[in-house]
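Counting the sequence shown from 1 gives a position; this note's numbering is that position plus 384.
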Amino acid sequence: MNYLTDLTDDWVEFEELAETIPLESEQLDQAVELSNQVGKEDRKWQIYLQALSLLSFEEWLRKREPEISLNREHSSVLQPQYVNAIDAVFNLRVGEFKVCLIPTITLTDKEVTIPRAVVDLPEFTAHLYVVIGIEEDLGISAIRGFLRHDQLINYQPQLQSEVDWNYQISIDFLNREPNELLLYLQCLIPSAIPLPEIPTNRQATLARMQSTLLTLLPQLRNRPLWQVLTWEQGAAVLTTPDLLNWLYQPLTENTATVSNHLSELLQILTQQAVNVRNWLRNQVDEVMQLSWEALPAPSPLRGTEPLRELPASFSLRRNEQNPSQELDEILIEISRNNQLEIPANTGRAYQDLTLGNRVRLYAVTWSFPDDDGWTLLLILKAISGNKPDDEMTLRVSDRVEVLAEDTLQLDGDEDYIFTQVAGTYQDKFLATITLETGEFQTLPPFEFIL
Numbered sequence: 385m386n387y388l389t390d391l392t393d394d395w396v397e398f399e400e401l402a403e404t405i406p407l408e409s410e411q412l413d414q415a416v417e418l419s420n421q422v423g424k425e426d427r428k429w430q431i432y433l434q435a436l437s438l439l440s441f442e443e444w445l446r447k448r449e450p451e452i453s454l455n456r457e458h459s460s461v462l463q464p465q466y467v468n469a470i471d472a473v474f475n476l477r478v479g480e481f482k483v484c485l486i487p488t489i490t491l492t493d494k495e496v497t498i499p500r501a502v503v504d505l506p507e508f509t510a511h512l513y514v515v516i517g518i519e520e521d522l523g524i525s526a527i528r529g530f531l532r533h534d535q536l537i538n539y540q541p542q543l544q545s546e547v548d549w550n551y552q553i554s555i556d557f558l559n560r561e562p563n564e565l566l567l568y569l570q571c572l573i574p575s576a577i578p579l580p581e582i583p584t585n586r587q588a589t590l591a592r593m594q595s596t597l598l599t600l601l602p603q604l605r606n607r608p609l610w611q612v613l614t615w616e617q618g619a620a621v622l623t624t625p626d627l628l629n630w631l632y633q634p635l636t637e638n639t640a641t642v643s644n645h646l647s648e649l650l651q652i653l654t655q656q657a658v659n660v661r662n663w664l665r666n667q668v669d670e671v672m673q674l675s676w677e678a679l680p681a682p683s684p685l686r687g688t689e690p691l692r693e694l695p696a697s698f699s700l701r702r703n704e705q706n707p708s709q710e711l712d713e714i715l716i717e718i719s720r721n722n723q724l725e726i727p728a729n730t731g732r733a734y735q736d737l738t739l740g741n742r743v744r745l746y747a748v749t750w751s752f753p754d755d756d757g758w759t760l761l762l763i764l765k766a767i768s769g770n771k772p773d774d775e776m777t778l779r780v781s782d783r784v785e786v787l788a789e790d791t792l793q794l795d796g797d798e799d800y801i802f803t804q805v806a807g808t809y810q811d812k813f814l815a816t817i818t819l820e821t822g823e824f825q826t827l828p829p830f831e832f833i834l
């Protein structure tokens, strides 16, 4: 190897760059801070480069054309689930264009590594792909070239995806003129570079591989996706942010809890949910009507006032009551003992389950004032004359974590347990009932669609 010749070639390559962008100490500090905030330990260097490429591009655009807006709010570098999985800055908005930044660690590489995800998955594609070279030791960066999406697709038949889900593209294929990039951003309309539509069968695809992912995903805690998953499986995970969130969240809980939540998360993502808002109108979803029995609103004697308290000495004779009466009195008891205000205008339903013995699950829901969200109150009760042989645990999860868990004790004074969860109208909740023996039943997710 002739070191002097290589060094001379590198300087010739530098001179061919139309312009360089100084890397200020403030930018370096920002990149370090960002990599520390959102990155796993073994990913900090890659995230540091992504952050530097974004800061460099912002600085270049500010100097060259400050009138063009840049919105990084939804960019991948600010989202831990994406920044840990894909080595590119995508979902960056420049004017009306989607732009993807591809960082390289030198200004002289003859090939550029582009993640397959930002080329093949519509959720992450961009109108324009901009390669940012970074020479940290020299304190400079530069736009090495760019590529339109349609040009990249035309070039794709010549590409071979590598085992690590990357494409290698010759630097010679890029447009090396930053002025033309500015011209596109100023004068071209986004529709001139059509982007693929996001498939409508993502949920069905995820459901098809649900059991496989339940086994494989726990193996990915400290390994790249490509080492364990096929590309099809990887595409399903990459396009499901909730799965990436689960994958990259810190391990603060025991293994059993984490595994349980993964199983429940996959069900939330793939199963049809029950729209509990219909219960406010004493209706049930047509598909779910065999599972849930809607209950009428509380007695009109209560009007629109919150549920009234029962006298402390009142004896509940639930074995003589129908489900509606029984629920009324349980709610009054819960309200009295827990200072919980339950409005009269609630959606109510129940379902009888056979799990060891027959038990009844009541579900009560209502929305918050000003449409600020909704709440779900679940009550698990032993049906009179069917005292459970085993303790039962009621667990409620959402897409992020296990929210609540309570156990119906065999030797307890109460014949029911309850739990309440609340969220926005985008949240779904999943309830699972588990026996000491390990036998369990999970119900379809609950949602509240206005």
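For glycine and all other residues, C-beta sits at the position ideal for the given N, C-alpha and C.
Note that the structure is a prediction, hence the values are computed from the model and not measured.
Provide the residue span of the beta strand (DSSP E) that contains residue i, from first to last.
i, result
"Thr488", "481-488"
"Leu604", "That residue, Leu604, is in no beta strand (DSSP E); it is neither H nor E in DSSP."
"Glu780", "The sequence given here places Val at residue 780; Glu does not occur at that position. That run of the beta strand (DSSP E) goes 776-781."
"Leu679", "677-679"
Identify whether residue i lies in helix, strand or coil by the three-state DSSP scheme.
i, result
"Ser459", "coil"
"Ala845", "Because residue 845 is not part of the residues shown, which for the chain are 385 to 834, the question remains open."
"Asp811", "coil"
"Glu451", "coil"
"Trp758", "strand"
"Ala469", "coil"
"Thr441", "According to the sequence provided, residue 441 is Phe. The question's Thr does not apply to it. Three-state result, Phe441: helix."
"Val422", "helix"
"Ile833", "coil"
"Arg560", "coil"
"Asn644", "helix"
"Leu792", "strand"
"Ile405", "strand"
"Asn585", "coil"
"Ser699", "With a pLDDT of only 40 at Ser699, under 50, the local geometry of the prediction cannot be trusted, and the value read off the model is given with reservation. The answer is coil: DSSP assigns Ser699 none of H, G, I, E or B."
"Ile516", "strand"
"Leu737", "strand"
"Leu653", "helix"
"Thr749", "strand"
"Asn659", "strand"
"Val786", "strand"
Look at the Cβ atom of residue i, then the Cβ atom of residue j, and state whether they are nearer than 8 Å.
i, j, result
"Ala472", "Ile486", "yes"
"Tyr800", "Ile714", "yes"
"Leu737", "Phe802", "no"
"Glu717", "Thr826", "no"
"Leu436", "Ala415", "yes"
"Leu505", "Thr614", "no"
"Leu445", "Ile452", "yes"
"Ile537", "Ile527", "no"
"Pro680", "Asn666", "yes"
"Ile518", "Leu418", "no"
"Ser545", "Tyr539", "no"
"Ala806", "Trp758", "yes"
"Leu598", "Leu628", "no"
"Gln465", "Pro625", "yes"
"Leu778", "Asp797", "no"
"Glu831", "Ala620", "no"
"Lys494", "Ile555", "yes"
Identify the residues that DSSP records as bridge partners of residue i: which are they?
i, result
"Lys765", "Arg744, Tyr800"
"Pro499", "Asn550"
"Val478", "Leu454, Phe481"
"Ala806", "Thr759"
"Phe824", "Thr818"
"Gly505", "The amino acid occupying residue 505 in the given sequence is Leu; Gly does not appear at that position. Answer is none; Leu505 lacks a bridge partner."
"Arg732", "Leu679, Val748"
Can you tell me the Cβ-Cβ gap for residue i and residue j, rounded? I've got them flagged as a contact below 8 Å.
i, j, result
"Arg744", "Ile767", "5 Å"
"Pro829", "Gln633", "Contact flag wrong, Cβ pair sits at about 20 Å."
"Phe474", "Val502", "5 Å"
"Ile833", "Arg661", "6 Å"
"Gly529", "Asn563", "With a Cβ gap of about 12 Å, Gly529 and Asn563 do not count as contacting."
Can you tell me where the alpha helix (DSSP H) with residue i in it begins and where it stops?
i, result
"Leu631", "625-632"
"Gln709", "707-722"
"Ile537", "533-539"
"Glu616", "615-622"
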